[in-house]
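Have a look at the structure below, then the notes.
Residue numbers (our numbering): 103 to 337.
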């Protein structure tokens, strides 16, 4: 099977939400990446019902169709997704000395809802759900949906709203992973905010392992003012 890989940095605090507006948040991440010799241009923003795109840093933002969000609940519309296009031949040598793998895309998703990793193909791990998402007010089991910001077919995640349609708070599910064929599984199953470095088919040797340069993680934790958990996502 042809697999692709993302290395992910998720905020360990499941209640964390950004305190900055989208412009400041995007700027702080762009500056952080540049500091680590990852030159990347912010090319897409998705928030509320909007999808804004541009081709270069000095280009104007243009609104594009966002059909994928048609009919979404108001809770799911509160999610952000930001995308950066790295310069050609951007490699991860600063993260893991000696690595020459190309970073092909960078994205960040943040919002109040639960995001859940799935191995859509069933080739890497089994997902074992010990407890489902449930509303604390009406007791309803809350369904996981395809994540419109990271479609399951492309990125292997689903999403579950954190507030029930009745207005009650939704308790997080409990989900474990079981590896297949000794493949390393993700060390995280549910998150709300994460930064993704997408390597596509140029899979790094450190796939599903912590990167060697811990300073990168430490500085990212300073930006978020929250602890970070790393995990690898196959899709």
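Just so it is clear, CB atoms sit at the ideal spot from N, CA and C, and this is done for glycine as well.
Rounded to the nearest angstrom, the gap between the Cα atoms of residue 264 and residue 153 is 23 Å. DSSP places residue 322 in the helix class (H, G or I) of the three-state scheme.
Straight through space, the alpha carbons of residue 183 and residue 248 are spaced by roughly 15 Å.
DSSP places residue 154 inside the beta strand (DSSP E), whose first and last residues are 152-155. In this structure, the CA atom of residue 311 is about 7 Å from the CA atom of residue 333. The criterion of a C-beta distance shorter than 8 Å is satisfied by residue 313 and residue 197. Residue 179 carries a helical assignment under DSSP once its states are collapsed to helix, strand and coil. Look at residue 219 here: in three-state DSSP terms it is strand.
Taking every protein chain shown into account, the CB of residue 150 has fewer than 16 other CB atoms within 10 angstroms, so this residue is exposed.
Bridge partners of residue 137 according to DSSP: none are assigned. Among the bridge pairs identified by DSSP, residue 208 is matched with 186 and 299. Counting only the Cα atoms, residue 239 lies some 52 Å from residue 200. In this structure, the straight-line span from the alpha carbon of residue 230 to that of residue 175 is close to 27 Å. Under the Cβ criterion (8 Å, minimum of three pairs), the stretch 296-310 counts as touching the stretch 198-217. Per DSSP, the beta bridge partners of residue 281 are 227. Going by beta carbons, residue 262 and residue 237 fall outside the 8 Å limit. DSSP, reduced to helix, strand and coil, places residue 128 within a helical segment of the structure shown. Residue 147 sits in a strand when the DSSP states are folded into three classes. In this structure, the straight-line span from the alpha carbon of residue 328 to that of residue 122 is close to 14 Å.
Look at residue 246 here: in three-state DSSP terms it is coil, with no helix or strand label. Contact check for residue 232 against residue 278 passes: the beta carbons are separated by less than 8 Å. Of all alpha-carbon atoms in 148, 141 and 166, the one lying nearest the alpha-carbon of residue 159 is that of 141.
Nearest neighbour of residue 157 by Cα position, chosen from 129, 165, 167 and 143, turns out to be 143.
A residue is called buried when at least 16 other Cβ atoms come within 10 angstroms of its Cβ; residue 282 does not meet this threshold and is exposed. Distance from the CA of residue 322 to the CA of residue 132, rounded to the nearest whole angstrom, comes to 12 Å.
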